[in-house]
Amino acid sequence: MGDAFLLLAVFGCACIGLAWLALSQNRHWRAIRGGSHDRAPVKRLRVGGALWLVLSLVGALLRDGAHFGVPLWVMALITSGVAVALTLAWSPRCIEVVAVLPLPGTGFHRSGQ
Amino acid sequence: MVASWRESMRWQHTWVGVVLGALLFAIFWMGTLSVFDKEIDRWMMPATRLAPPESVALQSAVASARQVAPDSPRWRFMLPTSRAPQVRLYHPDADGRLQSVDLDPRTGRPLPEQGTLAGSGFIFPFHFSLHLKAGQLGYWLVGLAGMAMLTLLVSGLVVHRKPIRDLFTFRPHKRLGRANLDLHNLTGVVGLPFHFIMTLSGLIIFVNIYFPDAAALAYDDTADPQGTFLEEGLGRFNRPPAGEPGSLASLDIMLSRARAEWSGEGPAFIRVWHPGDAASYVEMRRSNQNMVRINRDQIYFDGGTGEVLYRFEAKPLMKTQRFIAGLHFIQFEHWPLRWLYFGGGLSGCVMIVTGFIFWLQARRKRHGRQGAVRVVEGLTVGSVTGLILATVAFFIANRLLPLEARWAGYERAALEVWVFFLVWLGAFVHGWLQGSNAWRGQCWAIAGLAVGAVALNAVTTGDHLLKTLAEGYWPVAGMDLVLLAGAALAAWCARRLTQRQTAGSGEVDFG
Amino acid sequence: MARQWSRTVQRVGLAAAGGYGFSLAAVVLLGWLLSAVLPRSEAVVLAAMLGFLVYLGVSLWAFAEQRLLTLWLVLGGGSVAAWLMVGLAPEVA
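Taken in order, these protein sequences are the chains called Z, W and L. Quick note: the first sequence uses our numbering, first residue 246, plus one each step. Quick note: the second sequence uses our numbering, first residue 7, plus one each step. Quick note: the third sequence uses our numbering, first residue -14, plus one each step.
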C-alpha cells in the first residue's frame, strides 16, 4: 500500500513539476493564460517546478533505494513529460488544474485573470 | 562554422536515419517485446502456465537430465522465477548445439514439448542477433545500428534548433506534417535519456564481442590476452574430466550452502560440468531478481564431495559494467519499471516511424513521385507495419499449428519462424506494389490478426480473458489485453488513413 | 557528381570503419595505461566501455570535418595504430 502511494507520488510530483516548467515557457503560458508572458511568474514556476521534480526523486529513492529508484525516477520523468505534452495539446484546461496547486504563497493563479 | 556544423549533422541525421531506420525499427520493436519475453513464453507455451513453485525437485530434475541428455558435457538448470515457473534444462547435443527441455519444477519430469521458440527463444535473440548466426554477423549489424543510433540521437539534438523551447510541444490539430514532426521531436527529446542509455548499455553488454582485442596491450605478457582478461574479470573455473565414472552429491545441500553465502538469495542457475565423471563440478550463479546488476557472483562445488572449490565476485568497475548491462536486461523484479520500459521502447518505435514519414513527406512535396520515394515508402511500410504484422502472424501460427506439426523436414518451431519471415517478406512486396496505400491494408490486417490471436488463445487453451482476469493470471491476461489494445490502435490508424484518403486526392497525403 | 559520391563514400567509410579502428586503438592504449593504476581487468573493462563514447565522438566528427585528408590522417592513422598494437602485442611478450 505504501509502495503504491509512493509510486503515485513519484508520478504526481513529476507531472506537476513538468507542468510548471511548461507554463514557464512563453508558448504554453500564452495558450493557457492568454495575455502577455511578461506577467508570468517565470522564476517561481521554474524553481517550484524543479522542487517538485526533486520531491519526485525523493519519493522514488524512498520507495526503491538508489539502484532501482533512479531508473524509476528517470522513466517517470519521461512518461510525465510525454503526458504533459499530450495534455497541453488536447486539454490544456487540465494543465491549469494541475498548475493551480502552487507552493503556498506563490499566488500566481490570480495573476493571469 | 556553426551553420555548416548543423548542416553536416542534418545530412548525417537524414541519410543514416533512412538507410538504417528499418534495421533500427526491427531492433527497437523486438527489444520492446523482449521486456515481456517470459510472459510471451507463457502465452505461446500453454504447458508452462504453472504457478511459481515453493521449492524445486532438484534430484528428480537431475534424474530427468540423465535420461534426456546422458552424454552431454554439461547441464544447466535455469531455476524458476516469478515470471518463469518451469525449470529449463539447457544441454549441448552431440554437435555442440544448445538444446533445451522444460521440466515441471514440482516433479522434475519433462513438460510436454511445446514446439516453439516463443519470446525468449525467438523474439529476444532477434533483438540482438537478428538470427543471423554466420560469424556473429547479426551481432555486428546490431552493433553498427546501435552506434548509428547514438550518433542519430546526438545529431538529432543538433538539428533540432530549440529542443528546450519545444520540449512539450505537440500540435496534433495542425497539418499532419507538423504533428508528425512534433511527435518525432517529442519522443526523441523527452525520451532521449531512455533511448541513449538503452542503446549505450546494449552496446556495453557485448563489450567483449565489439572490442575483442581490448586486452591486447594490457595483457600482452599472456598467450591469450582477451581470454585471460575475461577469466580475471568475470571469474572462471575449469577442471578437465577425469575419464572415470563418478557420482553427484546432493544438489540440495550445495544449494543451501550457496543460499547461506548469499544472504538467503538462491542461484539463478545450477550448472553441472562433466556430469557422471569423477571430476564433475557444480557451478551456481547468484540470482538477479533483487538487484539491477546481472551479477557474476559464483560458487563452484566439487561434484562428488560437495566441497567448495572456487568462489568469485567481480571487482567494482566490472560490477559497474554488469550494472549497466542489468539496466538493459531488466531481469530484476520491478513491475512499474517493466511497463515503463515497454512504453519507452514503443516511444522509440514511434520516433523511428515519424522520422521515416518526415523524410517521405519532405521529398514527395519537393519532387512529386520519384523512384527513391517509392523505394523508401515500401521499405517503411514493410519494416514497420510489416514487422508488426509478421509478429502477430507468429503468434497466430503458434496457436494454429498442431503440436506434432512437421513439414518438409522442418520442426514445428521452425515452421512458426517460417510463417514470421514469409509474412514479413509478403508485407514488403505489398508495400512496394501498393505504396502509401499499403499502410491502411496492413493496419487492418494487424487489427484483425491481433483479435484473432486472442480468440485462438481462448479456443485452443481455454484460458480466455474473463477466466485469466478473474484468476489474476497476468502473463496471459496481459498479453491478451496488449493484443486487444494493439488491435484497437491499428484499427484507429486504418480509419484515420481512410478518412484522409477519401477527403484528399486519393493518395495518403502526409503533407 | 562522381567526385561527390566518392567523397561521401570515403566519409561514411571513415566514420564507420576508421572510427572503429581509432576507438579500438584508444581502448587498447587506455587499457594499458590505466593498468598502471588499476587492477588490469578493471582497466580493460573501463577502457572498453569508454571506447563506445570515443567511437560516438569521432564518427560524428567524421561527418562535420570538411577536409577528408585530416580524417584520413587521424582515423586512418588510429586504425593503423590499432592494427599494430593488436597484431604485434603478443610478439612483444
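We put the CB at the ideal spot given by N, CA and C, even for glycine. In this text the structure is predicted, and so the values were computed from the model without any measurement.
Within 8 angstroms, strictly: CB atoms of residue i and residue j
i, j, result
"S70/W", "G114/W", "yes"
"A0/L", "A67/L", "no"
"V288/W", "F318/W", "no"
"Q337/W", "N301/W", "no"
"L95/W", "L109/W", "yes"
"A220/W", "V59/L", "no"
"G16/L", "G63/L", "no"
"F31/W", "S389/W", "yes"
"P24/L", "K321/W", "yes"
"V398/W", "L455/W", "yes"
"Q92/W", "P111/W", "yes"
"G262/Z", "G294/Z", "yes"
"S269/Z", "V255/Z", "no"
"L393/W", "W81/W", "no"
"A33/L", "V213/W", "yes"
"P59/W", "S88/W", "no"
"Y284/W", "P246/W", "Sequence check: residue 284/W is Ala here, not Tyr. No, they are not a contact pair."
"L490/W", "V460/W", "yes"
Residue i versus residue j - alpha carbon distance
i, j, result
"G3/L", "L117/W", "51 angstroms"
"Q358/Z", "L56/L", "Reliability fails at Q358/Z, whose pLDDT of 35 lies under 50, so the model's placement of it is uncertain and the value that follows must be treated cautiously. Cα to Cα, Q358/Z sits roughly 59 angstroms from L56/L."
"G349/W", "M70/L", "44 angstroms"
"D230/W", "L73/L", "13 angstroms"
"G(-2)/L", "I33/W", "23 angstroms"
"W11/W", "A49/L", "6 angstroms"
"V379/W", "T38/W", "28 angstroms"
"H19/W", "G152/W", "14 angstroms"
"L252/Z", "G326/Z", "16 angstroms"
"R506/W", "C449/W", "15 angstroms"
"G141/W", "H97/W", "22 angstroms"
"L395/W", "A266/W", "49 angstroms"
"G510/W", "T360/W", "Here G510/W scores only 46 on pLDDT, less than 50, and its place in the model should not be relied on; the value that follows carries that caveat. Looking at the two C-alpha atoms, the distance is approximately 21 angstroms."
"G36/L", "G332/W", "19 angstroms"
"P144/W", "A154/W", "Reading the sequence as shown, one finds Gly at residue 144/W and not Pro. Answer to the nearest angstrom: the Cα atoms are 15 angstroms apart."
"R502/W", "G314/Z", "40 angstroms"
"L254/W", "S301/Z", "53 angstroms"
"V74/W", "D99/W", "10 angstroms"
"R412/W", "T467/W", "21 angstroms"
"G384/W", "V303/Z", "48 angstroms"
"P131/W", "H137/W", "7 angstroms"
"A285/Z", "A305/Z", "31 angstroms"
"I340/Z", "A276/Z", "11 angstroms"
"I46/W", "P52/W", "10 angstroms"
"G270/W", "L290/Z", "48 angstroms"
"T(-7)/L", "Q51/L", "11 angstroms"
"I402/W", "L307/Z", "43 angstroms"
"A451/W", "G282/W", "53 angstroms"
"S(-9)/L", "L53/L", "11 angstroms"
"P337/Z", "A344/Z", "11 angstroms"
"G233/W", "K168/W", "48 angstroms"
"L182/W", "V29/L", "50 angstroms"
"G249/W", "G272/W", "31 angstroms"
CB-CB length for residue i against residue j, believed under 8 angstroms
i, j, result
"M324/W", "G239/W", "5 angstroms"
"I323/Z", "P199/W", "6 angstroms"
"M320/Z", "L346/W", "4 angstroms"
"M84/W", "F275/W", "5 angstroms"
"M357/W", "G197/W", "7 angstroms"
"G241/W", "Q304/W", "5 angstroms"
"L45/L", "F217/W", "The pair is not a contact, with the Cβ atoms about 19 angstroms apart (cut-off 8 angstroms)."
Distance cut-off 7 angstroms: residue i Cβ against heavy atoms of the ligand PLP
i, result
"A330/Z", "This structure lacks the ligand PLP, and indeed carries no ligand of any kind."
**OP:** For the stretch 60 to 75 of chain W and the stretch 494 to 507 of chain W, state whether three or more C-beta atom pairs, one from each stretch, are separated by less than 8 angstroms.
**Re:** no
Original post:
For the stretch 99 to 128 of chain W, which segments carrying the beta strand (DSSP E) assignment without a break, of at least 3 residues, lie completely within its bounds, in sequence order?
Top reply: 104 to 109
Subject >> Three-pair Cβ contact test at 8 angstroms for the stretch 426 to 445 of chain W versus the stretch 481 to 497 of chain W >> reply: no
Subject >> Length-filtered (3 minimum) beta strand (DSSP E) runs lying within the stretch 290 to 349 of chain W >> reply: Uninterrupted beta strand (DSSP E) stretches at least 3 residues long and entirely within the stretch 290 to 349 of chain W occur at 304 to 308 and 314 to 318, given in chain order.
Subject >> Three or more C-beta pairs below 8 angstroms linking the stretch 411 to 425 of chain W and the stretch 349 to 367 of chain W >> reply: no
**OP:** Note down, one range per segment and in chain order, each alpha helix (DSSP H) of at least 4 residues found wholly within the stretch 349 to 426 of chain W.
**Re:** Qualifying alpha helix (DSSP H) stretches, in chain order: 377 to 389 and 391 to 406.
**OP:** For the stretch 117 to 203 of chain W, list the alpha helix (DSSP H) runs that are entirely contained and at least 4 residues long, ordered along the chain.
**Re:** Fully enclosed alpha helix (DSSP H) runs of 4 or longer: 130 to 135, 143 to 165 and 182 to 196.
**OP:** Assess, as a yes-or-no matter, whether the stretch 199 to 212 of chain W is touched by the stretch 171 to 179 of chain W under the definition of 3 or more beta carbon pairs within less than 8 angstroms.
**Re:** no
**OP:** Would you check if there are 3 or more beta carbon pairs closer than 8 angstroms linking the stretch 251 to 267 of chain W to the stretch 274 to 293 of chain Z?
**Re:** no
**OP:** Just list the alpha helix (DSSP H) runs in the stretch 19 to 97 of chain W, keeping only unbroken ones of 4 residues or longer that don't cross its boundaries, in chain order.
**Re:** Here the runs fully enclosed are 43 to 50 and 64 to 74.
**OP:** Would you mind listing the alpha helix (DSSP H) stretches within the stretch 211 to 282 of chain W that are 4+ residues and don't spill past its ends, in chain order?
**Re:** Runs of the alpha helix (DSSP H) inside the stretch 211 to 282 of chain W: 213 to 216, 231 to 240 and 257 to 267.
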